[in-house]
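Chemist: Mind looking over this structure? Questions follow.
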Amino acid sequence: MLELYQVQKSYGGQKILDIPNLQLSAGIYWLQGANGSGKTTLLRLLAGLLPFKGDVRVNNHSLRQTPVAYRRMISWADAEPLYPGFLSGDDLISFYRKIQQPPPGQVDELIGHFGIKSWLHSRAETLSSGMTKKLSLVLAFIGQPSLILLDEPLITLDHDSTERLIGLIADYQRLYDTSFFFSSHQAIPDVLRQKTQFLELKELSIQMVNREVWAL
Amino acid sequence: MGSIVNKTLVESFYRQNAGFFVLLFVLFFGVVAPSEQLAYHYTLILGMLETPLFLGIVLFAWLLYGLKTSRFLFATLDEPEANFLFKLGVMSPGRLFRLCMRIQGLLFLPVWAYSFAVMGVAIYRHTYREALLVALYMAVINTAGAVGLRMRLLFPGRRWVLFMRRRPRRRVPYWSILIRYLLKEEKALVGGIKVFSCTTLYLLLRDQGPDDYDLRMPFLFYSLSLFGHGAILYRCRQLENTRLLFYRALSVSQAARFGQYALFYLLLLLPEMFVLGWLTPHPIRVTDTIAFLLSGYSVLLLMNSILYTAPFTNRVFLRLCLLIFGILYCCVLGNYLIVLSEVFLVTATFLFFRRYARYEMWA
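From first to last, the protein sequence lines are chains A and B. Take my numbering: the final residue in the first sequence is number 220, and no numbers are missing along the way. Take my numbering: the final residue in the second sequence is number 364, and no numbers are missing along the way.
Take a look at the structure:
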């Protein structure tokens with residue numbers, strides 16, 4: 005599903021990532037790593053937001069050679085999403101709806117699932133960080149991407165919303181065979197932990213981690 | 002309590018707008034000799050009372066002033082330091098309304114003063130209808146302002162429900178987000194550049210005659226305004242790199258993205274198009290209008306694409322804009338404007354397709 009080839013990323017001459025080869029099959033992946041280890045950079049790189057050396061493929065669509073087809077396969081939500089203050093949730097959903105072409109009824113289901121309908125008409129500048137986070141998650145789930153990249157999806161979410169998100173991840177994997185690649189410093193609930201494979205970003209590269217190690 | 006409210010809402014309004022009031026005072030009382038002040042203002046008021054259009058313009062200006070006061074009040078109440086004022090919401094409805102009317106009345110003092118003069122002259126000349134109209138108008142806009150303030154104090158944030166609820170837009174193209182950004186958050190910058198650009202174009206081009214037809218000076222000013230557009234582009238890119246980051250991750254083809262920018266810059270140049278269209282074919286020739294517009298459009302697209310080639314600081318980008326400005330002006334002197342515009346368009350397209358997906362964000 006996700007393949008990384010000779011991926012290198014540097015900032016100002018300092019190498020941040022150096023991943024020779026990595027192939028991940030469909031599933032849910034939890035990326036761990038210390039602060040500054042490059043988790044956000046990796047997620048942004050996979051989302052096509054940053055230039056880098058090497059190539060990344062999702063379902064054989066190369067980010068370098070077929071960027072539009074690649075981007076159709078993925079969806080991304082930032083750790084601390086920011087939107088123009090003058091746009092409303094409705095505006096952003098209309099914008100995404102046009103590009104992502106979701107199946108009929110999906111957007112309404114997502115809005116209902118996260119309980120955001122009552123303030124969708126409000127401008128982004130009036131939303132709290134938790135509300136903005138929920139909106140960003142709804143946007144990330146619009147359409148049928150093969151891979152959803154979530155940077156710290158649990159921060160600023162309340163307990164109820166966290167459970168709803170976990171349920172949605174499980175639903176999307178079951179219904180659409182969607183894969184997830186997310187970073188989090190927070191503990192994820194057991195129900196998701198059982199289905200999750202753990203990765204660690206360490207010494208510029210990614211290593212598979214035994215689940216039991218993290219369970220400890 | 003009254004003095005605290007006065008200090009927070011009234012005094013700070015006059016302090017913050019001191020420059021505005023000084024300017025108004027100079028315009029109204031500084032243009033004629035003191036001995037002629039009375040006659041001057043009497044004539045001015047007579048003009049209002051006898052010319053409905055003039056009176057309409059004055060009343061509209063007062064409405065704008067009312068909007069200015071309301072904006073100030075709402076903005077002040079949004080500040081965390083003014084949170085204590087929401088305590089006023091526990092007052093009885095009548096008392097709170099009277100307080101809001103008093104605040105509104107104090108903010109409207111300069112307008113009240115002039116409106117009383119207008120009403121006085123109207124009554125003196127037995128034009129009671131105009132006097133009543135002015136009195137009613139003043140009462141309505143003051144009451145509306147007071148009601149708005151009272152609502153804001155009683156229901157902070159309710160304005161969105163009352164005034165902002167609307168049907169969700171069915172389509173939100175990317176160019177429209179950029180246009181809305183400029184209209185909402187960069188009004189002063191865009192307004193200033195557009196006023197400069199359109200005014201200089203109109204004033205310098207309207208007197209061009211067949212005998213002394215020379216576009217070098219108008220183009221110098223026009224290219225200066227294009228140079229100013231660089232600031233607009235830079236702000237737009239900052240917005241994209243911070244709050245529109247998600248757009249880059251969406252599955253939109255390069256051509257469609259370029260199309261969005263092409264449309265955006267076309268719309269951005271609409272005021273100049275209007276002015277140039279107004280002056281064509283006389284006194285400006287059609288070919289020259291095309292050259293002006295094509296060069297402006299190509300420069301904007303080129304600056305847009307250049308911003309994708311590297312993470313520029315504003316100082317470096319300013320230098321690049323200066324360079325483009327220099328090249329542009331040299332080509333005017335050599336009469337190569339259309340050729341240069343074509344080169345700029347091709348370069349802009351090439352750079353965009355080559356660099357858009359690969360540029361490094363600086364935010």
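We treat Cβ as the ideally placed atom computed from N, Cα and C, and that holds for glycine.
Give me the Cα-Cα distance between L202/B and L302/B, rounded to the nearest whole angstrom.
Modeler: 21 Å
Chemist: Report the three-state DSSP secondary structure of I75/A (helix, strand or coil).
Modeler: Looking at the sequence shown, residue 75/A is not Ile but Arg. Residue state, collapsed to three classes: helix.
Chemist: How long is the line joining the alpha carbons of R217/B and E241/B, rounded to whole angstroms?
Modeler: 36 Å
Chemist: Taking one C-beta from the region 57-69 of chain B and one from the region 192-199 of chain A each time, how about it: are there three or more such pairs within less than 8 Å?
Modeler: no
Chemist: In chain order, what residues of the region 179-192 of chain B put their CB closer than 8 Å to some CB of chain A?
Modeler: Within the region 179-192 of chain B, the qualifying residues are R181, Y182, K185 and E186.
Chemist: Does G31/A come within less than 8 Å of chain B when only Cβ atoms are used?
Modeler: no
Chemist: With DSSP as the reference, identify every bridge partner of K239/A, one or two as the case may be.
Modeler: For chain A, the structure presents residues 5 to 220; residue 239/A sits outside this window and is missing.
Chemist: Taking any Cβ of chain A, which residues in the region 231-254 of chain B have a Cβ under 9 Å from it, in chain order?
Modeler: L240, T243, R244, L245, L246, F247, Y248, R249, A250, L251, S252, V253 and S254
Chemist: Would you list the residues sitting across from L151/A in a DSSP beta bridge?
Modeler: I78/A and S183/A
Chemist: Let's see if you can read the secondary structure: which residues bound the alpha helix (DSSP H) around G106/B?
Modeler: P94 to L108
Chemist: What are the complete beta strand (DSSP E) segments, minimum 3 residues, inside the region 74-147 of chain A?
Modeler: 78-81
Chemist: What are the start and end residues of the alpha helix (DSSP H) that includes I307/B?
Modeler: V287 to I307
Chemist: Identify the contact partners of R171/B in chain A, using a Cβ-Cβ distance below 8 Å as the criterion.
Modeler: S98
Chemist: State the DSSP-derived secondary structure class of M5/A, mapped to helix, strand or coil.
Modeler: coil
Chemist: Suppose the cutoff is 7 Å on Cβ atoms and the five residues either side in sequence are ignored; what does the same chain contact list for Y22/A look like?
Modeler: Inspection of the sequence shows that residue 22/A is occupied by Asp rather than by Tyr. Cβ within range, chain order: Q12, L208 and S209.
Chemist: Give a yes or no on contact between the region 299-316 of chain B and the region 228-236 of chain B, applying the rule of three or more CB pairs nearer than 8 Å.
Modeler: yes
Chemist: I believe A147/B touches F73/B by the beta-carbon criterion, under 8 Å. Please report the beta-carbon distance rounded to the nearest angstrom.
Modeler: Contact doesn't hold; Cβ gap of about 14 Å is too wide.
Chemist: Going by DSSP in three states, G37/A sits in which element: helix, strand or coil?
Modeler: coil
Chemist: Assuming R210/A is part of the beta strand (DSSP E), what are its boundary residues?
Modeler: In the sequence under discussion, the amino acid at residue 210/A is Ile, which differs from the Arg named in the question. It spans S209 to V213 - the beta strand (DSSP E) in which I210/A sits, taken as one unbroken run.
Chemist: Under DSSP, the alpha helix (DSSP H) around T45/A begins and ends at which residues?
Modeler: Its alpha helix (DSSP H) spans residues K43 to L50.
Chemist: Determine the closest residue to N39/A out of L179/A, L161/A and E156/A, with distance taken between C-alpha atoms.
Modeler: E156/A
Chemist: State the Cα-Cα distance for the pair I178/B and L54/A, rounded to the nearest angstrom.
Modeler: 23 Å
Chemist: To the nearest angstrom, how far is it from the Cα of L176/A to the Cα of R76/A?
Modeler: Looking at the sequence itself, residue 176/A is Tyr, so the reference to Leu does not match. Rounded to whole angstroms, Y176/A to R76/A spans 16 Å at the Cα level.
Chemist: Over what stretch of residues does the alpha helix (DSSP H) that includes E38/B continue unbroken?
Modeler: Position check: residue 38/B holds Gln in this sequence, whereas Glu was assumed. Unbroken alpha helix (DSSP H) run through Q38/B: Q38 to E51.
Chemist: DSSP puts F202/A in a beta bridge; with which residues?
Modeler: W34/A and V213/A
Chemist: Let's test the definition: count the other Cβ atoms within 10 Å of the Cβ of G297/B and tell me whether it reaches 16, buried, or not, exposed.
Modeler: buried
Chemist: By a C-beta neighbour count over all protein chains shown, 10 Å radius and 16 as the cutoff for buried, is A189/B buried or exposed?
Modeler: Around the beta carbon of A189/B, fewer than 16 other beta carbons lie within 10 angstroms, which makes this residue exposed.
Chemist: For L169/A and G119/A, I'd like the C-alpha separation in whole angstroms.
Modeler: When rounded, the separation of the alpha-carbon atoms in L169/A and G119/A is 12 Å.
Chemist: So with Cβ pairs under 8 Å, would you call F164/B a contact of chain A?
Modeler: Unreliable placement is indicated for F164/B, whose pLDDT of 47 sits below 50; the coordinate value is still reported in the next sentence. Output row for F164/B: interface = no.
Chemist: Counting Cβ pairs, one atom from each stretch, are 3 or more of them under 8 Å apart for the region 106-122 of chain A and the region 84-91 of chain A?
Modeler: no
Chemist: What does Q27/A pair with, by DSSP beta-bridge criteria?
Modeler: E7/A
Chemist: For the beta strand (DSSP E) holding V60/A, just list the boundary residues, first then last.
Modeler: K57 to V62
Chemist: At a Cβ threshold of 8 Å, is W161/B touching chain A?
Modeler: Residue confidence is low: W161/B scores 46 on pLDDT, short of 50, so the model does not pin down where it sits. No coordinate-derived value is stated.
Chemist: Using the three-state DSSP reduction, which class does H230/B fall into: helix, strand or coil?
Modeler: helix
Chemist: Take the Cβ of M165/B as the centre, count every other Cβ of all protein chains shown within 10 Å, and call the residue buried at 16 or more, exposed below.
Modeler: Interpretation of M165/B is limited by its pLDDT of 47, a score under 50 that renders its predicted location unreliable; the figure taken from the coordinates is listed afterwards. Exposed, by the Cβ-count rule.
Chemist: DSSP has S66/A in a bridge; who is on the other side?
Modeler: Listed as beta-bridge partners of S66/A by DSSP are R61/A.
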